[in-house]
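As structure tokens, the structure follows; a few thoughts come after it.
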Amino acid sequence: MRKYFGTDGIRGRANVAPMTAEMALKVGMAAGLTFKNGGHKHRVVIGKDTRLSGYTLENALVAGFTSVGMDVFLLGPMPTPAVAMLTRSLRCDVGVMISASHNPFQDNGIKFFGPDGFKLSDAMELQIEDLIDSDLASSLPDASELGRAKRIDSAQHRYVEFAKRTLPRDMNLEGLRVVIDCANGAAYKVAPEALWELGAEVITLGVSPDGTNINKECGSTYPDTLSRKVQEVRADIGIALDGDADRVIIVDENGTVVDGDQLMAVIAQSWQASERLSAKGIVATVMSNLGLERYLGGLGLELARTKVGDRYVVEHMRSHGFNVGGEQSGHIVLSDFTTTGDGLIAALQVLACIKDQDKPVSEVCKRFDPVPQILKNVRYNGGAPLERDDVKSAILDGEASLGKQGRLVIRASGTEPLIRVMAEGDDAALVRKVVDQISSVVAHSAA
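Printed below as a string of structure tokens:
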């Protein structure tokens, strides 16, 4: 069991353990020692989103890395996938992103990328955890071997150019009116710039971060603002990113929200037609809708499922040769271009489909009718509700009720003290009844 790392790095409330300056210092030291191999000068790249607490954590991480002899490249506010890309591009030994993704500003987190741009394995995270709790002072180098820190002013331009090159050379976005909602987060500069340079008419939302408004009534977790704006300005499409821009949600010209399952269906069908799929299917998690699985089956494609977390999607993609994967929430991984979810690049692929087909977004992005799916989050105050006999019994009863015409997924959140209860099936009333019954038992046991 990992002590500090969850499903996506270390995360918690800012200035409360483990998200304190003291912990960030130790994390920087431990990660630096973990990735120091050989006699060359070692380097780390650090990006962040726009949370107020990012200043505290960034400076503490810099102190930790430089204290063990690593040079630090500071990117400032940059999307998580940009950090992954620049870790490879700048030939760094490790990349760090300071972000709590779609969480409110009071939270923050630290996640790592290895020199190949991929998120760390569980084993590597355990190794860092062991060092965090060790006598780090005994491993400090001589004063002459301390590291340096500097800012990389060209980082934003490098990422914008990288994103633009994922489209065919002869394609542009001229004639498209696009509303982009950057969630007052990490992509507030790079995403509008990339779209504008590709020729789109760009209307922006969520591009005025103040340290406390990230994800606040904006972005992919709150698409209502984007939906209204798309209808107001009669845009062709709306694009909503989350706080660190590794996920995307689309809004069509009517203001209707298009989730990650539909977007994966669009890309899968397009890439199959152009013979770009590297395997006969895509990878998604247990949370993706049964409708997606049925749609792909009609195309002769497989839907391989993993547990929740884009890192597990990526691991399955790498080990089984898939190049398209993602999550219903909008984490979409296109491994021809990226090593992690990239909201902007996924959006560009969808825009490419729209340009190719010359049809409204509502037609291009509606590939299947999702089966009724209900998700409830039940908060708990400690213990392990899923280990209780009454909860186990309720889950078994729910599975029996749904039978082969539905699915039931019960899991503990890896980032919050929540039990997530999800069911889907063709009978909407039955699905709701099953979710309500299990949620009630979980809530009672967690009280």
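According to the working numbering, the sequence shown holds residues 15 to 461 in order.
The beta-carbon is built from N, C-alpha and C at its ideal position, and this holds for glycine as well.
Please read all numbers here as calculations on a predicted model, not as lab measurements.
Cβ neighbours of residue i in the same chain (closer than 7 Å, five flanking residues each side left out)
i	result
Leu140	Arg16
Asp224	none
Ala343	It should be pointed out that residue 343 corresponds to Ser in this sequence rather than to Ala. The answer, listed in chain order, is Arg261 and Gly274.
Leu134	Phe126 and Gly128
Glu438	Asn303, Leu304, Val385, Pro386, Gln387, Gly420, Arg421 and Val445
Thr239	Asp195, Leu219, Glu231 and Cys232
Asp258	Asp63, Pro93, Thr94, Met111, Ser113, Ser115, Gly199 and Ala200
Glu143	Arg16, Lys17, Tyr18 and Phe19
Pro155	Val82 and Gly83
Ser349	Met331 and Asn337
Where the beta strand (DSSP E) through residue i begins and ends
i	result
Val300	First-last for Val300: undefined, no H or E at that position.
Met33	Neither: Met33 is in no beta strand (DSSP E) and is coded neither H nor E.
Gln387	Gln387 to Arg393
Ala254	Ile251 to Leu255
Gly233	No beta strand (DSSP E) holds Gly233; DSSP gives it neither H nor E.
Arg402	Taken as a continuous stretch (DSSP letters only), Arg402 belongs to no beta strand (DSSP E), as it is neither H nor E.
Ile124	Asp121 to Phe127
Met436	Leu432 to Gly439
Ile263	Val262 to Val265
Residue i, enclosing alpha helix (DSSP H) - first and last residue
i	result
Gln342	Taken as a continuous stretch (DSSP letters only), Gln342 belongs to no alpha helix (DSSP H), as it is neither H nor E.
Thr320	Looking at the DSSP string, Thr320 is not in any alpha helix (DSSP H); the run it does join, the beta strand (DSSP E), is Glu316 to Thr320.
Ala151	Looking at the DSSP string, Ala151 is not in any alpha helix (DSSP H), and its letter there is neither H nor E.
Arg242	Asp238 to Val247
Gly357	Gly357 to Gln371
Ile424	Ile424 -> not in any alpha helix (DSSP H); beta strand (DSSP E) instead, spanning Gly420 to Ala426.
Ile277	It is worth fixing the name first, because residue 277 is Leu in this sequence and not Ile. Counting along the chain, the alpha helix (DSSP H) containing Leu277 begins and ends at Gly274 to Ala287.
Arg290	Looking at the DSSP string, Arg290 is not in any alpha helix (DSSP H), and its letter there is neither H nor E.
Ser115	Neither: Ser115 is in no alpha helix (DSSP H) and is coded neither H nor E.
Ser333	Asp324 to His334
Ile146	Asp136 to Ile146
Ser376	Val375 to Val378
Any C-beta of chain B under 8 Å from that of residue i
i	result
Ala259	Among the chains of the structure shown, chain B does not appear; only one protein chain is present.
Residues near residue i in its chain [Cβ-Cβ closer than 8 Å; skip 5 each side]
i	result
Ala340	For clarity, residue 340 is Gly in the given sequence; the question names Ala instead. If we look at Gly340 and ignore the five residues flanking it on each side, its Cβ neighbours are Gly274, Leu277, Met278, Ile296, Val297, Ala298, Asp324, Val327, Ile346, Val347, Gly355 and Ala360.
Ala249	Arg191, Val192, Val193, Ile217, Lys243 and Glu267
Arg105	Arg57 and Pro129
Arg162	Thr80, Asp85 and Val86
Ser333	none
Glu211	Val174 and Lys178
Nearest-angstrom beta carbon gap, residue j and residue i [assumed within contact, 8 Å]
i	j	result
Arg434	Leu304	That belief does not hold up - the Cβ atoms of Arg434 and Leu304 are roughly 17 Å apart, past 8 Å.
Asn122	Ala201	So it is not a contact: roughly 17 Å between Cβ atoms.
His78	Met43	Note on identity: in this sequence residue 78 is Gly, with His being the wrong assignment. That pair is a contact at about 4 Å.
Leu315	Ala282	6 Å
Met185	Lys369	6 Å
Phe382	Arg308	7 Å
Leu145	Leu47	6 Å
Val456	Leu416	Not quite, the Cβ-Cβ distance comes to about 17 Å (not below 8 Å), so this is no contact.
Val364	Cys379	7 Å
Asp256	Thr226	Asp256 to Thr226, Cβ: 16 Å. No contact.
Gly428	Asp107	In fact, because the Cβ distance is near 26 Å, the residues do not count as touching under 8 Å.
Val322	Arg179	Their Cβ separation, rounded to whole angstroms, is 31 Å, which puts Val322 and Arg179 out of contact at 8 Å.
Ala177	Leu362	7 Å
6 Å Cβ shell around residue i - same chain, five flanking residues per side excluded
i	result
Ala96	Tyr173
Ala293	Gly335 and Phe336
Thr101	Val59, Gly109, Phe127 and Gly131
Arg165	Leu88
Trp285	Leu291
Gly269	Ser241, Val244 and Gln245
Pro374	Glu267
Ser468	Absent from the structure is residue 468, since the part of the chain shown begins at 15 and ends at 461.
Gly213	Asn186, Leu187 and Glu188
Lys50	His56
Gly252	Val193, Leu240, Val244 and Val265
Gly61	Leu89, Met92, Val97 and Met111
Residue i Cβ short of 7 Å to the ligand ADP heavy atom set
i	result
Ala197	Among the components modelled here there is no ligand, and therefore nothing to report on the ligand ADP.
query: Is it a yes or a no for the stretch 373–391 touching the stretch 120–132, going by three-plus beta-carbon pairs under 8 Å?
result: Contact between the stretch 373–391 and the stretch 120–132 is not established, with fewer than three Cβ pairs separated by less than 8 Å.
- prompt: Which runs of the beta strand (DSSP E) spanning at least 3 residues fall entirely within the stretch 157–225, listed in chain order?
  reply: Qualifying beta strand (DSSP E) stretches, in chain order: 163–165, 191–195 and 215–219.
- prompt: Using 8 Å as the threshold, is the stretch 67–78 in touch with the stretch 197–215, meaning 3 or more CB pairs across them?
  reply: Segments in contact, no.
field: Every unbroken beta strand (DSSP E) inside the stretch 52–113 [3 residues or more]
entry: Runs of the beta strand (DSSP E) inside the stretch 52–113: 57–62, 85–91 and 108–112.
Cβ contact (3+ pairs, closer than 8 Å) linking the stretch 42–62 and the stretch 80–90: Contact holds: three or more Cβ-Cβ distances are below 8 Å.
message: Does the stretch 29–40 come into contact with the stretch 104–124, if we say contact requires no fewer than three beta-carbon pairs (one atom in each stretch) closer than 8 Å?
response: Judged by Cβ distances under 8 Å, the stretch 29–40 makes contact with the stretch 104–124, as three or more pairs qualify.
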